[in-house]
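J.:
2 protein chains.
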Amino acid sequence: MSRVSVFAPASVANISCGFDVLGVCLDNVGDILHIEEVSKSGIEITEIIGQDLPLKATQNVAGVAGLALLADYGHNKGFQIQIEKGIKPGSGIGSSSASAAGAVVGINHLLGNPYTREQLIAFAMEGERVACGTAHADNVSPVLLGGFTLVRSVNPLDVVTLNSPLELVFTIIHPEIEVKTADARAVLLDKLHLKQAVAQTANLGALVTGLFKEDYELIRRSLVDHIVEPVRSMLIPGFNELKNRANEAGALGTGISGSGPSVFALSKGMDTAQKVGLAMQEVYDEIGVPYNTHISPINAKGVKIL
Amino acid sequence: MSRVSVFAPASVANISCGFDVLGVCLDNVGDILHIEEVSKSGIEITEIIGQDLPLKATQNVAGVAGLALLADYGHNKGFQIQIEKGIKPGSGIGSSSASAAGAVVGINHLLGNPYTREQLIAFAMEGERVACGTAHADNVSPVLLGGFTLVRSVNPLDVVTLNSPLELVFTIIHPEIEVKTADARAVLLDKLHLKQAVAQTANLGALVTGLFKEDYELIRRSLVDHIVEPVRSMLIPGFNELKNRANEAGALGTGISGSGPSVFALSKGMDTAQKVGLAMQEVYDEIGVPYNTHISPINAKGVKIL
Numbered sequence: 554m555s556r557v558s559v560f561a562p563a564s565v566a567n568i569s570c571g572f573d574v575l576g577v578c579l580d581n582v583g584d585i586l587h588i589e590e591v592s593k594s595g596i597e598i599t600e601i602i603g604q605d606l607p608l609k610a611t612q613n614v615a616g617v618a619g620l621a622l623l624a625d626y627g628h629n630k631g632f633q634i635q636i637e638k639g640i641k642p643g644s645g646i647g648s649s650s651a652s653a654a655g656a657v658v659g660i661n662h663l664l665g666n667p668y669t670r671e672q673l674i675a676f677a678m679e680g681e682r683v684a685c686g687t688a689h690a691d692n693v694s695p696v697l698l699g700g701f702t703l704v705r706s707v708n709p710l711d712v713v714t715l716n717s718p719l720e721l722v723f724t725i726i727h728p729e730i731e732v733k734t735a736d737a738r739a740v741l742l743d744k745l746h747l748k749q750a751v752a753q754t755a756n757l758g759a760l761v762t763g764l765f766k767e768d769y770e771l772i773r774r775s776l777v778d779h780i781v782e783p784v785r786s787m788l789i790p791g792f793n794e795l796k797n798r799a800n801e802a803g804a805l806g807t808g809i810s811g812s813g814p815s816v817f818a819l820s821k822g823m824d825t826a827q828k829v830g831l832a833m834q835e836v837y838d839e840i841g842v843p844y845n846t847h848i849s850p851i852n853a854k855g856v857k858i859l
Numbered sequence: 554m555s556r557v558s559v560f561a562p563a564s565v566a567n568i569s570c571g572f573d574v575l576g577v578c579l580d581n582v583g584d585i586l587h588i589e590e591v592s593k594s595g596i597e598i599t600e601i602i603g604q605d606l607p608l609k610a611t612q613n614v615a616g617v618a619g620l621a622l623l624a625d626y627g628h629n630k631g632f633q634i635q636i637e638k639g640i641k642p643g644s645g646i647g648s649s650s651a652s653a654a655g656a657v658v659g660i661n662h663l664l665g666n667p668y669t670r671e672q673l674i675a676f677a678m679e680g681e682r683v684a685c686g687t688a689h690a691d692n693v694s695p696v697l698l699g700g701f702t703l704v705r706s707v708n709p710l711d712v713v714t715l716n717s718p719l720e721l722v723f724t725i726i727h728p729e730i731e732v733k734t735a736d737a738r739a740v741l742l743d744k745l746h747l748k749q750a751v752a753q754t755a756n757l758g759a760l761v762t763g764l765f766k767e768d769y770e771l772i773r774r775s776l777v778d779h780i781v782e783p784v785r786s787m788l789i790p791g792f793n794e795l796k797n798r799a800n801e802a803g804a805l806g807t808g809i810s811g812s813g814p815s816v817f818a819l820s821k822g823m824d825t826a827q828k829v830g831l832a833m834q835e836v837y838d839e840i841g842v843p844y845n846t847h848i849s850p851i852n853a854k855g856v857k858i859l
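Going line by line, the protein sequences match chains A and B.
Per our numbering: the first sequence = residues 554 to 859.
Per our numbering: the second sequence = residues 554 to 859.
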């Protein structure tokens, strides 16, 4: 029977003014999934290396995403999946999305690619539902399509790809504390002022424009979030200091990655991204928060067949 | 002394999901301003043809915009302005913006262009302040810069130009009733749900993407406004019927132009825009509302020196 290995990258959702809408695919941090077609129908998760996660297919994001694909495809196909977790669950850089997206790309490949990458989003979202309780598309979309993506609508699903300027580099710092997505959701206020909504649409529109025009100064001015960041950042140790130091070190902007606790800084060029990383690490060294960091250009292709 | 004539076009602000943020410049409807340098310093409005508007410079939008420019420029310069109003005040297609923008472009021209078009926005906004009470930039920006513009921020002023696909054509129908901007503002709810704000940012981001990618079907899907249109449309006779018939006739989308009462429909191609115009006229013929219509491609240059 045939087998395939895939690299399923991490991703950053929200990106300041793009709450629940924007996402971007990272390049050099992710999970590796080894998928093998077997005669027994269904999905079996044989092993998860590096993290303690459920092996039962119906409780595992990769399992659920794969089962959603198979339910649509029919033909009683069966696959075994072994997962090497390179992304820490709960870090805010799309751990569950990577596994879910990797599973459906791998299975689709072994089936002869009956589905487009766009069509795979809905299956991967089912995996997200197990992890977060709701079927978000803002992480699985960039992981499947590559680059920056915008979720115009979840129901019906409507995802569009944006331009991804080559020189953009993400610096991610992950404080080793747990922030549950449910808690990060709970702090959000349900209502906001019309003026706040207008400012958010203005910044998001300007950010999208900055991406298409490759106008880095416009990207810098647009990376502003007056709605979610002020409340969610309270859950992240030293957030304001991280942001100030990263921006002083040259970042175009700094914000919360997904629902946190990871913090992203976006820079023009690898040199700046590395300086920004050092500046952020200094903050956590000073206040004694354990962390790990990733520096990554944008991955324009998404999940990769190895 | 030198003189100049300028054509100052009408504009559509808001454009469904772009409330208080987006605007676009029209091509074949507008005011004509004849401006002459004179020895007496300050601004004198000598004549307004076609509409009954204040001649006193400090009460006239073109006068106030011109005075704002001169206050910044210094040198005791003086200009006389004659205005042929081609746009009806209160129609919702940027009547005051056209006169204000036309005045500052003409005066700037006669001064040897000391200011860029971008720099003129702030002066023209002062004219808007006389007309509306607040200094909006969403109409003057497209009139000065041409095409589609996005106001990222009013304070500090930050306006960006978007791509304007050539095939887009606007159909405008103006019911001859008066809707005061203040009334149109008063019906707006001050607070909204986070979900509504997310949907608006998603649609605005997708519309901007559609403009850059020249993806007309994406533009169609993005021309949605769940925040302002549901309340403001109640002030416009037959709005829902206009919208249904225009979209049935092939429009990509239909919404309120500025704060109304004009309604715009956006179409791909002149033929469709004309069919859409007939469909909208039928609605007002049936319910007995007097109207006038304009059909216009996008003006990519803004105010034109004649």
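C-beta atoms are modelled at their ideal positions from N, C-alpha and C, and glycine is treated no differently.
The structure displayed is predicted, hence computed values, not measured ones.
1. Does the separation of the CB atoms of B/T724 and B/I848 fall below 8 Å?
2. Taking 8 Å as the CB-CB cut-off, is B/K821 touching chain A?
3. Along the stretch 728–760 of chain B, where does the CB come closer than 9 Å to a CB of chain A? Name the residues.
4. Select from the stretch 709–725 of chain B all residues with a C-beta closer than 8 Å to any C-beta belonging to chain A, and list them in chain order.
5. Tell me, please, whether the stretch 820–830 of chain B touches the stretch 718–737 of chain B by the rule of three or more beta-carbon pairs shorter than 8 Å.
6. Run the CB neighbour count on A/F744, radius 10 Å, all protein chains shown included, and call it buried at 16 or more, exposed below.
7. So with CB distances below 7 Å, who are the chain B contacts of A/R705?
8. Just to confirm, are A/V784 and A/L741 a CB contact at a threshold of 8 Å?
9. Can you tell me whether A/I636 is buried or exposed, with buried defined as 16 or more other CB within 10 angstroms of its CB?
10. Kindly indicate which residue of B/V704, B/L760, B/I840 has the alpha-carbon position closest to the one of B/H689.
11. Taking the alpha carbon of A/A804 as the point to measure from, which residue in A/A624, A/V856, A/G830, A/V696 has its own alpha carbon closest?
12. Report all residues from its chain with a CB closer than 7 Å to the CB of B/S775; omit the five preceding and five following residues, and keep chain order.
13. Check for me: the beta strand (DSSP E) holding B/D838 runs from which residue to which?
14. Keeping to the same chain, check which residues put their C-beta closer than 8 Å to that of A/N800; ignore five residues upstream and five downstream.
15. Whole-angstrom Cβ separation of B/V696 and B/A651, contact assumed at under 8 Å?
16. Closest Cβ-Cβ distance between B/L608 and chain A: below 8 Å?
17. Please classify A/F765: does DSSP put it in a helix, a strand, or coil?
18. Mind listing which residues of the stretch 568–581 of chain A have their C-beta closer than 9 Å to chain B's C-betas, in chain order?
19. Which complete alpha helix (DSSP H) runs does the stretch 568–632 of chain B hold, if anything under 4 residues is left out?
20. Using a Cβ-Cβ distance cut-off of 8 Å, determine whether B/T762 contacts chain A.
21. Please list, in chain order, the chain B residues whose beta carbon lies closer than 9 Å to that of A/L771.
22. For A/F632, return the contacting residues in chain B, with the cut-off set at a CB-CB distance below 7 Å.
23. Where A/V557 and B/G647 are concerned, what is the direct C-alpha to C-alpha distance, given to the nearest angstrom?
24. Report the CB separation of A/G616 from A/I596 in whole angstroms; it is logged as a contact under 8 Å.
25. I want to verify the contact list: residues of chain B whose CB lies under 7 Å from the CB of A/F765, in sequence order.
26. Does the beta-carbon of B/G583 have 16 or more other beta-carbons within 10 angstroms, so that it is buried, or is it exposed?
27. Check each candidate in A/E589, A/N661, A/G645, A/L606 and name the one with the smallest Cα separation from A/A624.
28. Can you tell which of A/S694, A/Q633, A/G627 has its C-alpha closest to the C-alpha of A/P667?
29. Which whole-angstrom value is the C-beta distance of B/H727 and B/K641, which I expect to be below 8 Å?
30. What are the boundary residues of the beta strand (DSSP E) that includes A/T724?
31. Helix, strand or coil: which one does DSSP assign to B/E731?
32. For a quick check, are the C-beta atoms of B/G813 and B/G645 less than 8 Å apart?
33. With 16 as the cutoff for other CB atoms within 10 Å, does A/S594 come out buried or exposed?
34. With DSSP collapsed to three states, give me the class of B/I636.
35. Could you give the distance in angstroms between the alpha-carbon of B/F765 and the alpha-carbon of A/F765?
T.: In short, the structure shows the following:
1. yes
2. no
3. L741, L742, D743, K744, L745, H746, L747, K748, Q749, A750, V751, A752, Q753, T754, A755, N756, L757, G758, A759, L760
4. D711, V713, L715, N716
5. yes
6. The sequence given here has Lys at residue 744 of chain A, not Phe. Exposed, by the Cβ-count rule.
7. A755, N756, A759, R774, S775
8. yes
9. buried
10. B/V704
11. A/G830
12. C570, N756, A759, L760, G763
13. B/D838 -> not in any beta strand (DSSP E); alpha helix (DSSP H) instead, spanning 823–840.
14. G806, T807, A818
15. 6 Å
16. no
17. helix
18. C570, G571, F572, D573, V574, L575
19. 614–626
20. yes
21. R705, D711, V713
22. By Cβ distance, chain B contributes nothing, its closest Cβ being about 34 Å from A/F632, past 7 Å.
23. 60 Å
24. 5 Å
25. F765
26. buried
27. A/N661
28. A/G627
29. 7 Å
30. 721–728
31. coil
32. yes
33. exposed
34. strand
35. 7 Å
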